[in-house]
Amino acid sequence: MKVLKIVLLMLVVFSTQLGNAQGKHETQIQYLSGTDKDNLVEWDFYCSEGRKSGEWTKIGVPSCWEQQGFGNYNYGSDDEKNRAKEFGLYKHTFNVPNNWKNKDVKLVFEGVMTDAEVKINGKLAGEIHQGSFYEFNYTISKLLKYGKDNVLEVKVNKVSANESINHAERVADFWIFGGIYRPVYLTISPKDNIDRVAIDAKADGNIIADVFIDSKKADNVELSLFDLKGKKLQDITVENIQKEIGKFKVSGKANNVKSWNPEQPNLYVLQFDLLDKKGNVLHTVNKRVGFRTVEILEGDGIYVNGERIKFKGVNRHSFHPKSGRTTSKAFSIEHARMMKDMNMNAVRMAHYPPDTHFLEVCDSIGLFVIDEICTWHNPMLETKVARKIVKETVVRDVNHPSILLWANGNEQGWNPEVDDDYAKWDIQNREVIHPWSIYKKTNTLHYGHYHSLINDAYTKDKILFPTEFLHGLYDGGHGAGLDDYWNVMWNLPLSAGGFLWDFADEGIERTDRNNEIDLQGNKAPDGIVGPYGEKEGSYFTIKEIWSPIYIENRFIRNDFNGVFRVENRYHYTNLEECTMTAKWVKFEAPNEGLKTTILAENKVKLPSLKPSEKGIFNIEKPQNWQSADALHLTAIDAHGMEIFTWTYPVASPKEVSNSKIDYSTKGSVKTETTNKTIKVEANGIMYSFSEENGLLQEVKKGNKIIPLNNGPIILNQKDKIIDVSVKELEGKTEIQVTFEEKKWMPAWSTIKEKRSDIIKWTVHSNGLLDLKVEFKGLRNLKGFRGITFSFPEEEVAGMKWLGDGPYRVWRNRMKGTKFQVWENDYNNTVTGESGFVYPEFKGFFSSLYWSKVKGNNNNGFTVYCKTPHTYLRMLTPQEPKENKKGKTHPEFPKGDISFVMNIPGIGTKFQFPESTGPQGNSEHYFGNDDKPIILDLTFEF
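To get the working numbering, take the position in the sequence shown, counting from 1, and add 926.
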């Protein structure tokens, strides 16, 4: 925390006027508090109960007082009878200069939890404000002492006197705090002033604005348009002005403006000059605007600037682990940039209006917004307070072009009596939704299973967009299932996309527990990123699935023709505005570094495709393309941001392995069988195998034991062993295990062939150990096909591998990885619960070519895999303490290190993986294969 210790108050002037008006016509802002979580100002403070209570001391403002060591913590689901109910008393002295006597001075609070009684110099500034997430202000000109010090006193009750507010805000599934947690400041305006403006700026340049005034002299309003650098672009002729008591309604048109959308978030500054009858400027106000038109067409879709859009969205709390609900603009930028990096285009405010700076960032960086008042299930907000809250929300946020919809609360918390109140304050007349409900034109169903996207019920004419879906919990949800969902959503005409739950794990640093992160068990670890923005595996899965450049899956083989099929999934951008680079690359060996050598690099000419159009692009094949290990394609958008990098193996696992494995070293092989153990010694390595089942029992290199053993066990197989044979050949020894013959054809097949599973070890004279396991392919099965070994977890230090990474995968979360050489140190991260080191070390890793397993005692090994499409299973992730009925912790094979041909999906907080789509199904269909599956491995110790 950075506390600003100042004697004189910091005076900050709003952006200096862009037009003719000078200082005396401007509104000034004077902060009484700090500006954000990183810049606090000390006030006097008294806490009534809990920690550091019962005496006057200091507190930094803005802040949640729990994070400053006061009071007690509560989560919204805590027993109401045992909740903390402390209040806080704030006192702050500030100086008011004499030249403010003829000014309009307002005291503004951006957010206070929960009830706030405000006094200036001992006198009430106005009625007690109720509601934590809403900006409020008092006109205090008559209460001030000019040329003297003034005293601001605020009593903040953590628990509201209004029970409907408590239920809406404090009996919810999130952390609840107390305090003046957003900034406090004074606005100083001319006596005759513009109180506020509400603007409707359409995509065609037409402008309608309500100018709310506090003036007896005002006679006219002039409009001017500027760019964000302050350059005047044009004066806008006011075509019509309607004068009402306290309000002028004006209209005009801006020429040659660029519209606002998430792909090109063009912004301008619209200047309002309030004039008297002589044309003198009384007051000047500047507002950022984006020109855009929003239409919700019943039975059709959501249109922005004439284009039907789909939300690629996420829900977001305003929350930081160190400071709770006190954040900063830098923090808002960080979050919004991560959303854009994931190729998102929308965010829902969950479940309350955010800091103003977050909406400003959405305007400038380009994100659609659903803005929401805070309610939670039943009972609903009382109508009187609900009307006030709706007004405060809309009046504050009305001019943000990013906001497309208002949400009248969450999950049955809405009060239908105030649905029409939004239009009273919103000049743009945006539509209102009821999140999780069928309401008017929309169906915002929460957590529908995959088959709900059939959309064939009586609501099939509603625009479908779940405002929450694929609820993250630990490593489940989010990217897991999204590929299946999105394939339907993208192609379903009445689907407007959806919003994942949730952006970040809402873990708080408990100042009463030595800053330990508290995620309230399984209630708050539901983010795509961790508490501090740590990127989990779903982050990159989402980035690929929601890429606006969609490339059809394909594989590169010897007859590769260089053609890729592509679809433009932008809404406003032609594909040719993006760039792409192709790199043919080669990787180093296990005992070398992580360097990627570029054999050839060239620009790819993307086709001119309008949004939703499909086409092809061609990759130039250099002469040596077949000597590459992989092809990497990187797409960059019109703003210079990476869209995604797609990777395609060129060489097969067998080709790569054969180029790295050296059998040429000569030596002798010694073999003997004693005490039911087959011992084979080569090049200083002693291998011990069971004479009964051929399983590897021990590897000893010199005096050091390499603890890989008890394998290969063939998974999902109970056949009897009929023979274990040993062959001593020149330069090698072979050990073969043959299982009994069993039918391998489907039961209904007229052909009744039998086949034996076979395990074959080959110990070479240079110490290399080959393993070929041949087992029957099954048409379909539940369970694993593959082999497994034991290797003590405590002996594992890390892993380096060539394959997909660096994150683990699940059957329904395969996308988002890159094929190259990776290296991860061991960690025991339980996603969203503990550790928070990513990528997680343990799990399934796809497209294995080779892996170097590092031992803690120089007792690791390298394994080369020559079988395509093999998954490496590295240990077993620790189960979260509050795993929801096993939904987010799939079963793993027995053993510790496995090589398998199929892996399980993972569920969500509310769904088993089977309900997230075909990729989450526990049954795997391989098809009828006349040949057995062969796992071909080479171990180097």
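Where a beta carbon is used, it is the ideal one built from N, C-alpha and C, also for glycine.
Secondary structure at I1443: strand, using DSSP grouped into helix, strand and coil.
For the set D1346, I1389, S1378, D1382, the Cα lying nearest the Cα of K1367 is the one of I1389. Here DSSP, grouped into helix, strand and coil, assigns A1094 to helix. Cβ-Cβ distances below 7 Å link E1053 to nothing in the same chain once the five nearest sequence neighbours on each side are left out. DSSP, read as helix, strand or coil, puts P988 in coil. Per the coordinates, the alpha-carbon of E1308 lies some 16 Å from the alpha-carbon of T1040. The beta carbons of A1508 and L1559 sit closer together than 7 Å.
The straight-line gap separating the alpha-carbon atoms of V1789 and N1417 is approximately 43 Å. Pairing N1782 with K1630 gives a Cβ-Cβ distance that is not under 7 Å. Contact annotation, F1294 with P1188: C-beta distance approximately 6 Å; criterion of less than 8 Å satisfied. Shortest Cα-Cα distance from N1528 to any of P1537, T1499, A1561 involves A1561. I1648 counts as exposed, since fewer than 16 other beta carbons sit within 10 angstroms of its beta carbon.
Counting only residues of its own chain and dropping the five nearest sequence neighbours on each side, L1223 has a CB closer than 7 Å to the CB of Y1229.
For the 7 Å CB-CB criterion, S1328 and D1289 form a contact. DSSP places E952 outside any beta strand (DSSP E), giving it a letter other than H or E.
The shortest CA-to-CA distance from R1734 to any of E1749, E1766, P1305, V1747 is the one to E1766. According to DSSP, H1690 shares a beta bridge with K1658.
Burial check for V1489: the Cβ neighbour count within 10 Å stays below 16, so the residue is exposed. Taking a contact as a CB-CB distance under 8 Å, the pair A1406 and T1743 does not count as one, their CB atoms being some 14 Å apart.
Annotation: the continuous alpha helix (DSSP H) that includes G1463 extends over 1463 to 1471. Under the 8 Å Cβ criterion, the stretch 1092 to 1103 does not count as touching the stretch 1065 to 1072, having fewer than three qualifying pairs.
Per DSSP, F1513 lies in no alpha helix (DSSP H); the unbroken beta strand (DSSP E) holding it starts and ends at 1505 to 1513. Per DSSP, H1565 lies in no beta strand (DSSP E) and is assigned neither H nor E.
Note on K1157: under 16 other CB atoms within 10 angstroms of its CB, so exposed under the neighbour-count rule. A direct Cα-to-Cα measurement between A1127 and N1231 gives close to 12 Å. If you check the CB distance, V1321 and W1351 come in under 7 Å. The Cβ-Cβ distance between S989 and T1252 falls below 7 Å. At a Cβ-Cβ threshold of 7 Å, G1292 and F1103 do not count as neighbours.
Annotation for F1284: the continuous alpha helix (DSSP H) segment containing it runs 1282 to 1291. Boundaries of the alpha helix (DSSP H) harbouring Y1348: 1347 to 1351, taken from the DSSP string. For the pair V1195 and F1217, the CB atoms are not nearer than the 7 Å cut-off.
By the neighbour-count criterion, in which a residue is buried when 16 or more other Cβ atoms sit within 10 angstroms of its Cβ, I1685 is buried.
With a cut-off of 8 Å on Cβ pairs, the stretch 993 to 1001 is not in contact with the stretch 950 to 957, counting fewer than three such pairs. The distance from the Cβ of P1279 to that of D1323 is about 6 Å, consistent with a contact at the 8 Å cut-off. As computed with DSSP, C1791 is found in a beta bridge with L1863. Annotated three-state conformation of F1257 is helix, per DSSP.
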